[in-house]
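Below: one structure, written as structure tokens.
Number of protein chains: 2
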Amino acid sequence: MSGLGIEDAGPQLGRNLTYGMLDAIGRAIVVGDYDGAIFPTEAELAKQHGVSRSVTREAVKMLTAKGLLSARPRQGTIVQPTTSWNLFDTDVLRWLLERQFSIDLLRQFNELRVAIEPEAAALAARVATVDDIERVNAGLKRMERAERGEDDTLESDIAFHIAVLRASRNPFYAQFRDVVSTALRTSIRFTNRVKGRTANVADHAAVRDAIANGNPDKARKAMRALISDVLELIETAKPDGAAAGR
Amino acid sequence: MSGLGIEDAGPQLGRNLTYGMLDAIGRAIVVGDYDGAIFPTEAELAKQHGVSRSVTREAVKMLTAKGLLSARPRQGTIVQPTTSWNLFDTDVLRWLLERQFSIDLLRQFNELRVAIEPEAAALAARVATVDDIERVNAGLKRMERAERGEDDTLESDIAFHIAVLRASRNPFYAQFRDVVSTALRTSIRFTNRVKGRTANVADHAAVRDAIANGNPDKARKAMRALISDVLELIETAKPDGAAAGR
DNA sequence: CAAGCCGTTTAAATCAGATAAATGTGATTT
DNA sequence: AAATCACATTTATCTGATTTAAACGGCTTG
Chain Y
1 MSGLGIEDAG PQLGRNLTYG MLDAIGRAIV VGDYDGAIFP TEAELAKQHG
51 VSRSVTREAV KMLTAKGLLS ARPRQGTIVQ PTTSWNLFDT DVLRWLLERQ
101 FSIDLLRQFN ELRVAIEPEA AALAARVATV DDIERVNAGL KRMERAERGE
151 DDTLESDIAF HIAVLRASRN PFYAQFRDVV STALRTSIRF TNRVKGRTAN
201 VADHAAVRDA IANGNPDKAR KAMRALISDV LELIETAKPD GAAAGR
Chain E
247 MSGLGIEDAG PQLGRNLTYG MLDAIGRAIV VGDYDGAIFP TEAELAKQHG
297 VSRSVTREAV KMLTAKGLLS ARPRQGTIVQ PTTSWNLFDT DVLRWLLERQ
347 FSIDLLRQFN ELRVAIEPEA AALAARVATV DDIERVNAGL KRMERAERGE
397 DDTLESDIAF HIAVLRASRN PFYAQFRDVV STALRTSIRF TNRVKGRTAN
447 VADHAAVRDA IANGNPDKAR KAMRALISDV LELIETAKPD GAAAGR
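Protein chains in written order, with the numbering used here: chain Y, 1 to 246; chain E, 247 to 492.
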């Protein structure tokens with residue numbers, strides 16, 4: 001019980017005590033601090049963090065809502081298996097990334113993107129409105145400016161990809177904005193390290209054109225090319241790439 | 247055994263007052279009961295539902311964690327725009343479906359599936375373990391039994407699709423099990439109504455074979471065919487297919 | 001008139017302490 | 001051996017008070 005550092009971390013992301021505790025416990029769970037151990041009772045948790053039981057209970061309830069905990073009388077509060085965590089929750093995503101850089105996680109992110117984004121582009125080519133296309137175009141223009149050093153490379157790239165998601169006019173696709181921006185923020189650092197090259201504006205323009213011209217197949221292929229590129233980079237960087245036996 | 251699925255929806259929802267209130271308010275928000283109106287204060291909510299403020303606060307906190315609400319002193323609690331709802335949360339998904347049958351929602355579900363599942367099948371063909379393949383195969387066998395009236399058609403179909411998601415060995419894909427099973431439960435009713443035919447076992451077997459043989463492209467195409475089929479059915483049933491302006 | 005300052009006020013946030021309900025565990029009874 | 005009961009433990013719930021955050025309006029000041 002001594003190993004748990006209750007570093008209150010000063011003036012961090014917690015708007016208030018409850019959110020601060022949510023963040024602290026959430027991170028601890030994701031990092032694996034409670035893996036073998038039994039999870040503290042709400043009274044113990046409150047004492048450890050120096051807050052009232054109300055704050056503790058509300059933080060625990062939020063973590064329950066995100067799939068990280070479950071609670072029953074007499075049995076106590078227990079950490080749920082990772083399979084029941086809500087991985088598309090912004091907080092969970094953040095905690096997952098904060099624990100450490102993992103090529104595995106980066107690969108899984110992009111394996112998801114390669115499913116979502118090409119199809120989003122294809123959808124967009126069918127149903128995007130002029131406003132949607134304008135937003136995609138705006139993202140592209142920012143990328144062009146970034147190429148000349150007049151804007152931020154990463155942020156403009158993110159803006160482009162999110163604009164495409166929105167242009168699909170399907171709320172489920174739009175939901176991936178956090179995953180995609182997170183993946184891009186992480187990927188960029190990695191790809192820049194492996195291969196010093198910026199995002200290819202021309203390749204992105206192909207996606208924009210296909211969407212604007214209402215060509216779903218071309219949009220899908222163009223977007224897929226963009227992400228496959230990153231994915232291959234990641235997989236070549238990982239020597240233990242299975243292939244064993246299969 | 248009556249052949250019906252596990253049907254007792256009752257017990258889980260209202261395990262206690264907090265979860266009951268979570269469900270009631272969540273449904274009310276999704277249905278749109280609070281759309282124009284101002285959201286009640288926690289004191290008012292407590293009184294309206296006949297529970298204490300603690301229960302109310304915990305329910306509100308869970309809804310906040312799911313992206314449906316946000317709260318600040320003096321401003322009060324407010325319903326968040328749908329864009330910030332966590333659509334992949336099981337509860338949100340359920341509330342969304344409970345409000346009414348919507349072809350739009352059904353279409354959006356399947357537009358997502360057509361991105362996720364083919365790619366999951368392709369991944370599975372590359373990385374699935376023998377256990378994974380066995381699970382996929384078990385799902386298929388259940389479908390065969392169902393064809394002979396010895397098992398439940400819907401449940402076996404769901405088992406198959408979820409097995410493929412798991413076989414991708416990517417936790418993000420596995421996360422879609424709720425969306426997929428929900429979509430299937432809804433789709434089946436619809437497709438059966440429109441076109442009296444059961445899921446095609448042979449087409450599903452093609453997916454299984456491609457995965458077992460380690461052929462990603464074939465697996466992707468076979469799975470895509472399955473879902474495109476449903477999607478087309480849905481789109482033909484919807485006369486107002488946009489095209490306006492484009 | 002505009003901009004900044006400052007109480008007032010309202011709602012959430014937090015605390016404290018008590019009671020209720022659920023549920024494993026183990027002893028007791030049948 | 002099985003069913004039952006008593007008990008301990010932990011979450012669930014209730015109550016009422018206090019504190020803090022922030023929107024509002026009025027006031028002062030440049």
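Glycine is no exception: its CB is placed at the ideal position from the N, C-alpha and C atoms.
No experiment lies behind these values; they were computed from the predicted model shown.
Handout entry: Range covered by the alpha helix (DSSP H) that runs through Y/Ile78
Key = Careful: Y/Ile78 lies outside any alpha helix (DSSP H), inside the beta strand (DSSP E) at Gly76 to Val79.
Problem - Cβ distance (whole Å) where E/Leu276 is taken to contact E/Leu342 below 8 Å - result: Note that residue 276 of chain E is Val in the sequence shown, not Leu. Contact flag correct, Cβ pair sits at about 6 Å.
Problem - Rounded C-alpha distance that separates Y/Thr129 from Y/Glu117 - result: A direct Cα-to-Cα measurement between Y/Thr129 and Y/Glu117 gives close to 18 Å.
Handout entry: Under 8 Å between C-beta atoms of Y/Ala125 and Y/Ala205
Key = With respect to the 8 Å criterion, Y/Ala125 and Y/Ala205 are not classified as neighbours on the basis of their beta carbons.
Handout entry: Other residues of its chain near E/Asp475: CB distance less than 7 Å, five sequence neighbours each side excluded
Key = Annotation for E/Asp475: no residue places its beta carbon closer than 7 Å to its own, counting only its chain and skipping 5 residues before and after.
Practice task
Give me the Cβ distance between Y/Asn86 and Y/Lys66, rounded to the nearest whole Å; I'm assuming they're in contact under 8 Å.
Solution key: That pair is a contact at about 5 Å.
Exercise for the section: Tell me whether E/Ser474 sits in a helix, a strand or coil according to DSSP, three-state version. Expected result: Under the three-state reduction of DSSP output, E/Ser474 falls in the helix class.
Exercise for the section: Along the alpha helix (DSSP H) that carries E/Ser300, what are the first and last residues, could you check? Expected result: Arg299 to Ala311 is the span of the alpha helix (DSSP H), which, as asked, contains E/Ser300.
Handout entry: Between the CA atoms of E/Gln326 and E/Leu315 - distance to the nearest angstrom
Key = About 5 Å.
Problem - Under 7 Å from the C-beta of E/Lys307: neighbouring residues of chain Y - result: The answer, in chain order, is Glu58, Lys61 and Met62.
Exercise for the section: Tell me whether the beta-carbon of E/Phe285 lies closer than 8 Å to the beta-carbon of E/Thr323. Expected result: Annotated as proximal: E/Phe285 and E/Thr323, with beta-carbon spacing under 8 Å.
Handout entry: Member of E/Asn262, E/Arg359 and E/Thr264 whose CA lies at the smallest distance from the CA of E/Ala428
Key = Reading the sequence as shown, one finds Thr at residue 428 of chain E and not Ala. Nearest option by C-alpha distance: E/Arg359.
Exercise for the section: Quick one: list the residues of chain E neighbouring Y/Leu87, beta-carbon separation under 7 Å, in chain order. Expected result: By Cβ distance, chain E contributes Pro417, Phe418 and Gln421.
Handout entry: C-alpha gap between E/Arg273 and E/Met469, whole angstroms
Key = Just so you know, the alpha carbons of E/Arg273 and E/Met469 end up roughly 34 Å apart.
Handout entry: Under the three-state DSSP convention, the category E/Arg318 falls into
Key = If DSSP states are grouped into helix, strand and coil, E/Arg318 belongs with the strands.
Handout entry: Own chain partners of Y/Ala174 with C-beta closer than 6 Å, once the 5 adjacent residues on each side are dropped
Key = Cβ neighbours of Y/Ala174 beyond the five flanking positions: Leu165 and Arg166.
Exercise for the section: Return the residue from the list E/Asp463, E/Gly266, E/Arg391 and E/Ala458 that minimises the CA-CA distance to E/Gly305. Expected result: Before going on, a small fix: residue 305 of chain E reads as Ala here, not Gly. Looking at the Cα atoms, E/Gly266 is the closest of the given residues.
Practice task
With a 10 Å radius around its C-beta and 16 neighbouring C-beta atoms as the bar for buried, classify E/Gln354 as buried or exposed.
Solution key: In summary, E/Gln354 is buried, with 16 or more beta-carbon neighbours lying within 10 Å of its beta-carbon over all protein chains present.
Problem - Helix, strand or coil at E/Trp341 [DSSP, three-state] - result: When secondary structure is reduced to three states using DSSP, E/Trp341 falls in the helix class.
Exercise for the section: Verify the CB distance criterion: does E/Thr323 have a CB-CB separation below 8 Å to chain Y? Expected result: So, not an interface residue.
Handout entry: Rounded C-alpha distance that separates E/Glu478 from E/Phe436
Key = Those two C-alpha atoms are separated by around 13 Å.
Problem - E/Ala456, enclosing alpha helix (DSSP H) - first and last residue - result: That run of the alpha helix (DSSP H) goes Val447 to Ala458.
Handout entry: CA-to-CA distance, Y/Arg185 to Y/Ile162, given in whole angstroms
Key = Distance from the CA atom of Y/Ile162 to the CA atom of Y/Arg185, rounded to whole angstroms, is 13 Å.
Exercise for the section: Rounded to whole angstroms, what's the CA-CA distance from E/Asp449 to Y/Pro216? Just pull it up for me. Expected result: Whole-angstrom Cα-Cα distance: 25 Å.
Practice task
State the DSSP-derived secondary structure class of Y/Ala237, mapped to helix, strand or coil.
Solution key: Y/Ala237: coil per DSSP, three-state reduction.
Exercise for the section: Could you name the residues of chain E that Y/Thr82 contacts, counting a contact when the two beta carbons are closer than 8 Å? Expected result: Annotation: Cβ neighbours of Y/Thr82 in chain E (cutoff 8 Å, chain order): Pro417.
Practice task
Output yes or no for whether 8 Å exceeds the beta carbon distance between Y/Ala115 and E/Glu365.
Solution key: In this structure, E/Glu365 lies closer than 8 Å to Y/Ala115 by Cβ.
Problem - Per-residue contacts from E/Gln294 into chain Y (C-beta, under 8 Å) - result: Within 8 Å Cβ-Cβ: nothing; E/Gln294 doesn't reach chain Y, min ~20 Å.
Exercise for the section: Look at E/Asp403 and E/Thr336 and say whether their C-beta atoms are less than 8 Å apart. Expected result: In this structure, E/Thr336 does not lie closer than 8 Å to E/Asp403 by Cβ.
Problem - Partners in chain Y for E/Ser348, counting only beta-carbon separations shorter than 8 Å - result: Correct list: empty, because the minimum Cβ distance to chain Y is about 12 Å.
Exercise for the section: To the nearest angstrom, report how far apart Y/Asp23 and E/Thr310 are at their CA atoms. Expected result: Using only the alpha carbons, I get a separation of about 14 Å.
Problem - Complete runs of the alpha helix (DSSP H) confined to the stretch 344-412 of chain E [at least 4 residues] - result: Taking only runs of at least 4 residues, the alpha helix (DSSP H) segments lying wholly in the stretch 344-412 of chain E are 349-373 and 376-393.
Handout entry: C-alpha gap between Y/Arg135 and Y/Val92, whole angstroms
Key = As the crow flies, the alpha-carbon of Y/Arg135 is around 29 Å from that of Y/Val92.
Problem - Min CB distance Y/Ile234 to chain E below 8 Å - result: Closer than 8 Å: no.
Exercise for the section: Rounded to whole angstroms, what's the CA-CA distance from E/Arg388 to E/Leu400? Just pull it up for me. Expected result: Separation of E/Arg388 and E/Leu400 (C-alpha to C-alpha, rounded to the nearest whole angstrom) is 10 Å.
Exercise for the section: In angstroms with no decimal places, state the Cα-to-Cα distance between E/Gly249 and Y/Ala212. Expected result: Note that E/Gly249 has pLDDT 35, beneath the 50 cutoff, so the model's placement of it is unreliable and the number below is only indicative. About 50 Å.
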